[in-house]
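Student: Throughout the sequence shown, residue numbering follows UniProt numbering, covering 1 to 401 in sequence.
Glycine included, every Cβ here is placed at the ideal spot set by N, Cα and C.
Take a look at the following structure, please.
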Amino acid sequence: MSSSKETSNLKNENAYNSSGNQDLEIVEPSPFQNISINSISFLKPVKLTQSAWLEHIPFAFWLINAHRPQVLVELGTHYGSSYFSFCQAIDHLHLSTRCYAIDMWKGDDHAGFYGENVYSSVQDHNNHLYSQFSTLMRMPFDEGVKYFKDGEVDLLHIDGFHTYDAVKNDFDSWLPKLSSRAVVIIHDSNVRKADFGVYRFVAELRQTYPCFEFSHGHGLTIVGVGAEQSKEMLNLFEADNDERRIRHIQEVFSRLGKSCSNEYAVEAFKKIVADNKNELKVSVNELTELKKTDIEHLSESSVLKSDLKKYQIENERLRFENSQMISDMTSVNELISQRQHEINQILNSTSWRLTLPLRFAKRVIRYVIRRWKRLFLKDVNKKIVTQYLLFHLLILTEYGI
1 MSSSKETSNL KNENAYNSSG NQDLEIVEPS PFQNISINSI SFLKPVKLTQ SAWLEHIPFA
61 FWLINAHRPQ VLVELGTHYG SSYFSFCQAI DHLHLSTRCY AIDMWKGDDH AGFYGENVYS
121 SVQDHNNHLY SQFSTLMRMP FDEGVKYFKD GEVDLLHIDG FHTYDAVKND FDSWLPKLSS
181 RAVVIIHDSN VRKADFGVYR FVAELRQTYP CFEFSHGHGL TIVGVGAEQS KEMLNLFEAD
241 NDERRIRHIQ EVFSRLGKSC SNEYAVEAFK KIVADNKNEL KVSVNELTEL KKTDIEHLSE
301 SSVLKSDLKK YQIENERLRF ENSQMISDMT SVNELISQRQ HEINQILNST SWRLTLPLRF
361 AKRVIRYVIR RWKRLFLKDV NKKIVTQYLL FHLLILTEYG I
């Protein structure tokens, strides 16, 4: 058998070389050697939220399948992008994993501060889909650690405050709780700005534990803390020693992760478009109402203009009449003035003064006659009547009449 195989190989080699223009092809081993990228990495996320973790969701799916933890703890959950990715994979694989999300859900200087609505959203989603195996623990990380036994946690995700001291304290505080097969993943390991110090702490961990780091999505480092790792995890850590394999693995999960961030961007854009459509609809309705109001105002304006025209005509008529009245009053005043002047001339004349006794006597005589008639008709004593007449005659005599 051996001789036959060698002869066959020799024939193939001679036949290949005899062509003279063909070279021997050297087939390089696959960069994914011993690392299976199975269908779960292509699982469609149930929940996509605004998060720097979006591009690591496909790896989160892969990690749950490769590691299959019994107890998972996340420190720093925010909107739940990473946590619910773990939960979705656990639910999809029907694992018996118990999950715990620890956070104050208030924010910090790095993630920004936010309101109660964020926790309410996370709580609603958790209660709706994962409450049978997932628990939200609203408390500081250092307080949450006391609720777990030593050696209990198989998968720890650290994504809290990102200073060197904070991430080191989180790791050191939870280290006793990690199991013999524990894996720790630390986010933001590729951020080098301000007081971010995760990258410094990760560099120290590399001196003690096997690691693999993704540089995309702000960086995500996987640390093999436990000595008893699954075959898939050992193969991943082994790939960290080969630059070619590192590059290819990072590229695959980066591209898969981009699909998540792109999908979120599309959904966000759709929401913006929908909001804009709603705003446009409201604006169109408002414009329609304004047009109706404008038409009503135009109609009212037409009526007002017609009324104004009538009032203007009436005003002109009244002004004309007023002008006529003023003219008539002027004429009357002039006539009165003229008559008053004539009266004054008469009153100041010599004849008027000379005839004054006559005018007085005339009035007295008229009065006496009327009085006498009344007395006579009443058959008053003749003597009294006679005396009355004599009295008035004496008055007339005094005036020289």
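Excluding the 5 residues flanking Asp23 on each side, which residues of the same chain have their C-beta closer than 7 Å to its C-beta?
Tutor: Interpretation of Asp23 is limited by its pLDDT of 48, a score under 50 that renders its predicted location unreliable; no figure is taken from the coordinates.
Student: Within 10 angstroms of the Cβ of His94, are there 16 or more other Cβ atoms? Answer buried if so, exposed if not.
Tutor: exposed
Student: Please report how far the alpha carbon of Ile57 lies from the alpha carbon of Glu279, in whole angstroms.
Tutor: Taking the straight line joining both Cα atoms gives about 34 Å.
Student: From the beta carbon of Leu287, is the nearest beta carbon of chain D less than 7 Å away?
Tutor: Absent here is chain D; the protein component of the structure consists of one chain.
Student: Residue ranges of each beta strand (DSSP E) run of no fewer than 3 residues wholly in the stretch 59 to 95, ordered along the chain?
Tutor: Fully enclosed beta strand (DSSP E) runs of 3 or longer: 71 to 75.
Student: To which residues does DSSP link Tyr100 through a beta bridge?
Tutor: Val73, Thr135
Student: Would you kindly work out how many angstroms separate the C-alpha atoms of Glu300 and Thr293, rounded to a whole number?
Tutor: Distance between the alpha carbons of Glu300 and Thr293 is about 10 Å.
Student: Which class does Ser302 belong to by DSSP, given the choice of helix, strand or coil?
Tutor: The answer is helix: DSSP assigns Ser302 an H, G or I state.
Student: By the DSSP assignment, the alpha helix (DSSP H) with His162 in it spans what residues?
Tutor: Premise fails: His162 is in no alpha helix (DSSP H) and is neither H nor E.
Student: If we ignore side chains and look at the alpha-carbon of each, how far apart do Lys39 and Phe59 end up?
Tutor: It is worth fixing the name first, because residue 39 is Ser in this sequence and not Lys. Rounded to the nearest angstrom, the two C-alpha atoms are 12 Å apart.
Student: Can you tell me the Cα-Cα spacing of Lys231 and Glu267, whole angstroms?
Tutor: 37 Å
Student: When DSSP labels each residue in this structure, what does Asp150 get in the three-state scheme?
Tutor: Here Asp150 carries a coil assignment [DSSP, helix/strand/coil].
Student: Closest by CA to Glu152, which one among Ile90, Lys291, Ser179?
Tutor: Ser179
Student: Inspect the CB distances between the stretch 177 to 193 and the stretch 216 to 233 and report whether three or more fall short of 8 Å.
Tutor: yes
Student: Do the stretch 133 to 146 and the stretch 100 to 110 meet, that is, are 3 or more Cβ pairs less than 8 Å apart?
Tutor: yes
Student: Taking 8 Å as the threshold, find out whether the stretch 40 to 57 comes into contact with the stretch 254 to 270 through three or more Cβ pairs.
Tutor: yes
Student: Relative to the C-alpha of Lys168, which candidate in Gly197, Asn333, Asp150, Lys177 has its C-alpha closest?
Tutor: Gly197
Student: Going by DSSP, what residues sit across from Gly107 in a beta bridge?
Tutor: Bridge pairing for Gly107: Phe113 [DSSP].
Student: Could you check if Thr97 is buried or exposed, using at least 16 other CB atoms within 10 Å of its CB as the buried criterion?
Tutor: buried
Student: Are the CB atoms of Lys177 and Asp150 nearer to each other than 7 Å?
Tutor: yes
Student: If I measure Cβ to Cβ from Val27 and keep anything under 8 Å in the same chain, skipping five residues before and after, which residues do I get?
Tutor: Note that Val27 scores a pLDDT of 47, beneath 50, so its modelled location is shaky and nothing firm can be said.
Student: Which residue from Tyr119, Asp159, Tyr83, Asn117 puts its Cα closest to that of Tyr130?
Tutor: Minimum Cα distance to Tyr130 is reached at Tyr83.
Student: Can you grab the Cα-Cα spacing for the pair Asn348 / Gln338, in whole Å?
Tutor: 15 Å
Student: In three-state terms, what does DSSP make of Ser18?
Tutor: Model confidence at Ser18 stands at a pLDDT of 41, short of 50, so the residue's coordinates are unreliable; what they give is reported in the following sentence. In this structure, Ser18 counts as helix in the three-state DSSP scheme.
Student: Which residue's Cα is closest to the Cα of Leu72: Val184, Glu342, Ser121, His341?
Tutor: Val184
Student: Could you name the residues of the same chain whose beta carbon sits closer than 7 Å to that of Phe113, not counting the 5 residues immediately before and after it, in chain order?
Tutor: Lys106, Gly107
Student: Can you tell me which of Cys211, His248, Ala265, Asn322 puts its alpha carbon nearest to the alpha carbon of Ala227?
Tutor: Cys211
Student: Please report the residue range of the alpha helix (DSSP H) in which Gly197 lies.
Tutor: Counting along the chain, Gly197 falls outside any alpha helix (DSSP H), and DSSP gives it neither H nor E.
Student: Which word fits Ala66, buried or exposed, when buried means at least 16 other C-beta atoms lie within 10 angstroms of its C-beta?
Tutor: buried
Student: Under three-state DSSP, which class holds Glu228?
Tutor: coil
Student: So who's on the other strand from Glu213, going by DSSP bridges?
Tutor: Thr221
Student: May I ask you to report which of helix, strand or coil DSSP gives Arg244?
Tutor: helix
Student: DSSP state of Ala52, grouped into three classes?
Tutor: coil
Student: Distance, Cα to Cα, Ile326 vs Leu308?
Tutor: Distance between the alpha carbons of Ile326 and Leu308: 26 Å.
Student: According to DSSP, what are the bridge partners of Leu156?
Tutor: Val73, Val184
Student: Short of 7 Å in beta carbon distance, which residues of its chain neighbour Tyr164, apart from the five on each side in sequence? Order them along the chain.
Tutor: Gly197, Arg200, Phe201
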